[in-house]
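Novice:
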Amino acid sequence: MSTQLSEFPVARFNQMIRGYALSGLMPGHGPRVDSYGAFKTAYPVTTKADLRASVARMCEAGALPAGYVVATSGTSAAPTVSLWSASQTDRASAHALDLRRFIGKHLFARGDVVANLLAAGGFGSLYDGMNRVLEPLGVTIVPMGRFDAMPDHKQALDLLRAVRANTLVATPAGLIELARASLDAGCQLTVEKLVFIGERLTSARRAFLGSVWPGCRISGLYGTTEAGLIGVAPPGAPPDEYAVLSRWAFLERDEDGALLLTDLSAPLVPLLRYRVGDFVAPTSAKPGGGVTRLRLLDRMDRCFNLVGNLLHPDLFREAVRSCVPQLTHLQIQLSYAENGRERLHLAVDMGRRAMQAAQKHAIHQAIAQIPQVQEGLRRRVLDITVGGQETQHTNGRGKLPDLVDARNVAATGPDRVRVAS
């Protein structure tokens, strides 16, 4: 049974449902409700499959309005396509204004020089959307995009230094990449604020970034391709805790601990009790007021199948950490070898330290002792390899996922994966 993390706004929900009924965007319309209990009874939980079906119906009907076609990156599963309207309704305008004020209050200040290091294009709207959020906040925007896509890294660093960029907005992988590049080049950037989005920022990554830019304030944004920006993690907030505007998002937690989102901004494709794909936990704050607080946990799709066994990445992380306690990040890469065997590659990031041959051998031995891996090796259906951070794969959105599964490239679209041999 699901539980609510925020107060259910009966009037606002019914107003949105009436708008959907008048526009014809919700087949069968959907009844009005008078309580949270009635809402749960009338509206079942929806999933990515339901979203795909809704988008497919709109495409088949030729009902694509002016706006954007966006899609998830497809790194570990088939991409999910969604549609965003460019129409500036009163509700859409109010939502955008509230969101900008909320973000501006917690993350940015007038006079900041903000380098946008997010990935442009790729069926995503994060880069352009961030620029639109920043424009009215009185900041100076440096629209750089992904650092690794810059043709001249030294020139890019020199430009950031010349304009005195004090704020970086990027995925955690993008922040780490720029930090390493500035160290390698001996380039002193005047970074005071780091804003991450797209994935979790682990304590090890925080520590590394803090060692490169001592005293910098770290904050975060939480959002999804389907719903856009949802929450803010202000500087000093507990790790993985986000504040969400209750006026625009009704949040629930199902019996498995997964987040259910009802988007009250009335997006083009309705998101009602939508299973976003993240596990969450409530905080000590009680439902009520203008802000809901939640704590993000793992992604729901983190487990993977290896030679017929369902495994969790933590099993491998613990084995690697037993050999290299200074582990900053572990990426698991899955593919097929030429001989038809499954290939498991571990890309190990040790921060400023380079991996030594003895450490690589120790990790290989530790992984080989995991019973399920041992089974695959014994049956000669599995190859395992170990590499350093240079073998990690960053996807087209600039994210550094914990798991990259390239065993079904046809299902994951054009985002092909390189796995080190």
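Each residue of the sequence shown is one higher than the last, beginning at 1 in full-length UniProt numbering. Cβ coordinates follow ideal geometry from the N, Cα and C atoms, glycine included.
What is the rounded straight-line gap between the Cα of GLY398 and the Cα of LEU201?
Specialist: The alpha-carbon atoms of GLY398 and LEU201 are separated by roughly 14 Å.
Novice: Take every Cβ of the region 172–185, pair it with every Cβ of the region 386–404, and state whether three or more of those distances are shorter than 8 Å.
Specialist: Taking 8 Å as the limit for Cβ pairs, the verdict is that the region 386–404 does touch the region 172–185.
Novice: Just curious, the alpha helix (DSSP H) that GLN20 is in, first and last residue?
Specialist: Per the sequence presented here, residue 20 reads as Tyr, with Gln not at that position. Per DSSP, TYR20 belongs to the alpha helix (DSSP H) from 10–23.
Novice: What is the DSSP secondary structure of HIS95, counted as helix, strand or coil?
Specialist: It is helical.
Novice: Apart from the five residues on each side of it in sequence, which residues of its chain come closer than 8 Å, Cβ to Cβ, to ALA410?
Specialist: Per-residue confidence for ALA410 stands at a pLDDT of 36, beneath the threshold of 50, marking its modelled position as unreliable; no derived number is given.
Novice: How far does the alpha helix (DSSP H) with GLY37 in it reach, from first residue to last?
Specialist: From DSSP, the alpha helix (DSSP H) with GLY37 extends over 36–42.
Novice: For PRO282, which residues does DSSP report across the bridge?
Specialist: LEU294.
Novice: Alpha carbon to alpha carbon, how far is HIS364 from VAL386?
Specialist: Each residue's alpha carbon lies about 7 Å from the other.
Novice: Could you tell me if ASN309 is buried or exposed, where buried requires 16 or more neighbouring beta carbons within 10 angstroms of its beta carbon?
Specialist: Classification for ASN309: exposed.
Novice: With which residues is GLY213 paired in a DSSP beta bridge?
Specialist: Residue identity check: residue 213 is Trp in the sequence provided, not Gly. The partner list for TRP213 (beta bridge, DSSP) is empty, contrary to what the question assumes.
Novice: When DSSP builds the beta bridges, which residues end up paired with ASP405?
Specialist: Paired residues: LEU334.
Novice: Any idea if VAL404 is buried or exposed, counting beta-carbon neighbours within 10 angstroms, 16 or more meaning buried?
Specialist: By the neighbour-count rule (16 or more Cβ atoms within 10 Å), VAL404 is buried.
Novice: My parser needs the beta strand (DSSP E) runs of 3 or more residues fully inside the region 146–190; what are they?
Specialist: For the region 146–190, whole beta strand (DSSP E) runs of length 3 or above, ordered along the chain, are 167–170.
Novice: Quick check: the Cα distance between SER211 and ARG352, rounded to an integer number of angstroms?
Specialist: Distance between the alpha carbons of SER211 and ARG352: 10 Å.
Novice: What are the partner residues of ILE218, as DSSP defines its beta bridges?
Specialist: Answer is LEU194, bridged to ILE218.
Novice: Using CA atoms only, rank isn't needed, just tell me which of ALA61, ALA181, VAL133 is closest to ASP152.
Specialist: Measuring from the Cα of ASP152, the nearest candidate turns out to be ALA181.
Novice: Label ASP402 either buried or exposed according to how many other C-beta atoms from any shown protein chain fall within 10 Å of its C-beta, with 16 as the threshold for buried.
Specialist: With 16 or more Cβ atoms within 10 Å of its Cβ, ASP402 is classed as buried.
Novice: Buried or exposed for GLN389, please, with buried defined as at least 16 other CB atoms from any protein chain shown within 10 angstroms of its CB.
Specialist: So GLN389 ends up on the buried side.
Novice: Contact check, THR224 vs VAL276 under 8 Å by CB: the rounded distance?
Specialist: Rounded, the Cβ-Cβ distance is 6 Å, consistent with contact.
Novice: Can you tell me which of the three DSSP states GLN356 falls into?
Specialist: Reduced to three states, the DSSP call for GLN356 is coil.
Novice: Report the rounded CA-to-CA distance for ARG418 versus LEU118, giving the unit in angstroms.
Specialist: Unreliable placement is indicated for ARG418, whose pLDDT of 30 sits below 50; no coordinate value is reported for it.
Novice: Closest to ALA204 by C-alpha separation, out of SER54, TYR336, VAL324, would be which residue?
Specialist: When only C-alpha atoms are compared, the closest one is VAL324.
Novice: In the DSSP assignment, what residue or residues form a beta bridge with GLN88?
Specialist: For GLN88, which the question treats as bridged, DSSP gives no partner whatsoever.
Novice: Give every residue of the same chain whose Cβ lies closer than 7 Å to the Cβ of GLN359, excluding the five residues on either side of it in the sequence, and list them in chain order.
Specialist: Only CYS323, VAL324 meet the Cβ criterion.
Novice: Taking contact to mean 3 or more Cβ pairs, one atom from each stretch, closer than 8 Å, check whether the region 95–113 and the region 124–142 are in contact.
Specialist: Because the criterion of three Cβ pairs below 8 Å is met, the region 95–113 and the region 124–142 touch.
Novice: With a CB to CB cut of under 6 Å and the five nearest residues on each side skipped, what residues in its chain are close to GLY145?
Specialist: Taken in chain order, the residues that qualify are ALA120.
Novice: Report buried or exposed for HIS312, applying the criterion of at least 16 other Cβ atoms within 10 angstroms of its Cβ.
Specialist: The residue in question, HIS312, is exposed, as its Cβ has fewer than 16 Cβ neighbours within 10 Å.
Novice: Over the uninterrupted beta strand (DSSP E) stretch that includes ASN131, give me the two end residues.
Specialist: Premise fails: ASN131 lies in the alpha helix (DSSP H), 126–134, not in any beta strand (DSSP E).
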